[in-house]
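Start counting the sequence shown at 42; every next residue gets the next number (my numbering).
Every residue, glycine too, gets a C-beta built ideally from N, C-alpha and C.
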Amino acid sequence: MKVYQINYDLRKQRNYDELYEKIRSLGNWCHPLESCWLIVSEKTPSQIAEELFKVMDGNDGLLVTRLQNEAAWYNLDSKGMKDVTTWLKENLGKAS
Numbered sequence: 042m043k044v045y046q047i048n049y050d051l052r053k054q055r056n057y058d059e060l061y062e063k064i065r066s067l068g069n070w071c072h073p074l075e076s077c078w079l080i081v082s083e084k085t086p087s088q089i090a091e092e093l094f095k096v097m098d099g100n101d102g103l104l105v106t107r108l109q110n111e112a113a114w115y116n117l118d119s120k121g122m123k124d125v126t127t128w129l130k131e132n133l134g135k136a137s
């Protein structure tokens, strides 16, 4: 199982709904910060980026990075998603 972090910058036209839907379709996900998502996927970073850029504008920024099992975080549960810490512990601990 691989865990990826997705960061983006929608620069001109901001169609978050379509991007969020696409991210959610990629697998088990967590949305810990405003422009940051985490997903569990067997795809490569390039494959994920290719899928996401289909719903983004050509001038938007996108960064997909693979995470291993080490991380630190603070105050993520206050974003309205109570289980961010649980998701991180469950999924980052299994990342290979």
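Asked	Found
What did DSSP end up calling R107 once you bin it into helix, strand or coil?	strand
Is V105 closer than 7 Å to Y57 when the C-beta atoms are compared?	no
Within 10 angstroms of its Cβ, does M97 collect 16 or more other Cβ (buried), or is it exposed?	buried
Is it buried or exposed for S76, if we count other Cβ within 10 angstroms and need 16 for buried?	exposed
Taking just the CA atoms, how far does Q109 sit from R52?	29 Å
Sort D124, E111, V125 and L117 by Cα distance to K43 and report the nearest one.	E111
Is it true that the CB of P86 sits closer than 7 Å to the CB of L117?	no
How should W114 be labelled, buried or exposed, when 16 other C-beta atoms within 10 angstroms of its C-beta is the threshold for buried?	exposed
Alpha helix (DSSP H) containing N132: first to last residue?	V125 to L133
Out of curiosity, what's the CA-to-CA distance linking E91 and T127?	29 Å
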